[in-house]
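Written out below as structure tokens is the structure these notes cover.
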Amino acid sequence: MKDGIKINLGSGHWKLDGWVNVDIDFASDPDVCANLAGGLPFTSGVAQLMHTEDFIDQLELEEAAEFLRECHRILAPGGVLRVLTPDMRQLADMYLNDPEQLKSMWTEFVGVPLAVETAGEVFNLGMRFAGHTFLYDEQTLQALAAKCGFEARRVEYQKSEVPGLRGLDLRSPENAISLYFDCYRRP
Numbered sequence: 000m001k002d003g004i005k006i007n008l009g010s011g012h013w014k015l016d017g018w019v020n021v022d023i024d025f026a027s028d029p030d031v032c033a034n035l036a037g038g039l040p041f042t043s044g045v046a047q048l049m050h051t052e053d054f055i056d057q058l059e060l061e062e063a064a065e066f067l068r069e070c071h072r073i074l075a076p077g078g079v080l081r082v083l084t085p086d087m088r089q090l091a092d093m094y095l096n097d098p099e100q101l102k103s104m105w106t107e108f109v110g111v112p113l114a115v116e117t118a119g120e121v122f123n124l125g126m127r128f129a130g131h132t133f134l135y136d137e138q139t140l141q142a143l144a145a146k147c148g149f150e151a152r153r154v155e156y157q158k159s160e161v162p163g164l165r166g167l168d169l170r171s172p173e174n175a176i177s178l179y180f181d182c183y184r185r186p
């Protein structure tokens, strides 16, 4: 893979050193301020690595496809996009089989008070509170990524075959219900 820039999409206040941090919010002081749901302001093939955490789930499915197509355009051949997103299957499993753990995680890591203190309330608030629009399971994200020119490989927290993508994840299995993917750009 040729050398290229590294782009952190939807950085918010969590900037990655040595990366071009992009966000729509001026208050987060990004390197580049841009609406990620529109076209991205980068030249084709300029990036070696890209990273996005808990953003793709804030887009409708077709918007997410357009976002991934833009990432594909910006990545150089052999480039890789790291994607973290809430895990719909794990969330549903926890709701059905361990509602007390789901409520406990909400209370400890989100902290928004619950009115009736049920797992159903957590499930609903969790969707609206963080702006979630479309949640993914492994198969859905892999299928969407494939349609947009990627091979999406599920990986574990903080791990990657690509050294530059190791250790970037903010949301750990202890404080979030997430899927972790390295999406390899296909030609």
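Numbering that gives the first Met the number 0 applies: residue 0 is where the sequence shown begins, and numbers increase by one. Where a beta carbon is used, it is the ideal one built from N, C-alpha and C, also for glycine.
Segment limits, beta strand (DSSP E) that includes residue i
i	result
I4	4 to 8
Same chain only: Cβ atoms within 6 angstroms of residue i, ignoring 5 sequence neighbours per side
i	result
V161	V79
A114	none
Proximity of residue i and residue j at Cβ, strictly below 8 angstroms
i	j	result
E52	L83	yes
L74	R184	yes
T132	E59	yes
L143	A63	yes
R153	Y135	no
Option in the options with minimal Cα separation from residue i
i	options	result
G11	R81, W18, D28	D28
I6	T139, P85, C32	C32
D56	V45, M126, E150, D181	M126
D2	G163, L140, S171, Q89	G163
S159	S43, S171, R81, N20	R81
Any non-hydrogen atom of the ligand FAD closer than 7 angstroms to residue i Cβ
i	result
G17	Among the ligands in the structure shown, none appear at all, so the ligand FAD cannot be discussed.
Cα-Cα separation between residue i and residue j, rounded to whole angstroms
i	j	result
A46	L167	17 angstroms
N96	A151	28 angstroms
D86	S177	5 angstroms
R187	F41	No answer is possible for residue 187: the residues shown for the chain start at 0 and end at 186.
F54	L67	11 angstroms
M0	P76	Per-residue confidence for M0 stands at a pLDDT of 48, beneath the threshold of 50, marking its modelled position as unreliable; no derived number is given.
Cβ-based neighbour list, residue i, same chain, cut-off 7 angstroms, excluding 5 preceding and 5 following
i	result
L39	A33, E69, I73
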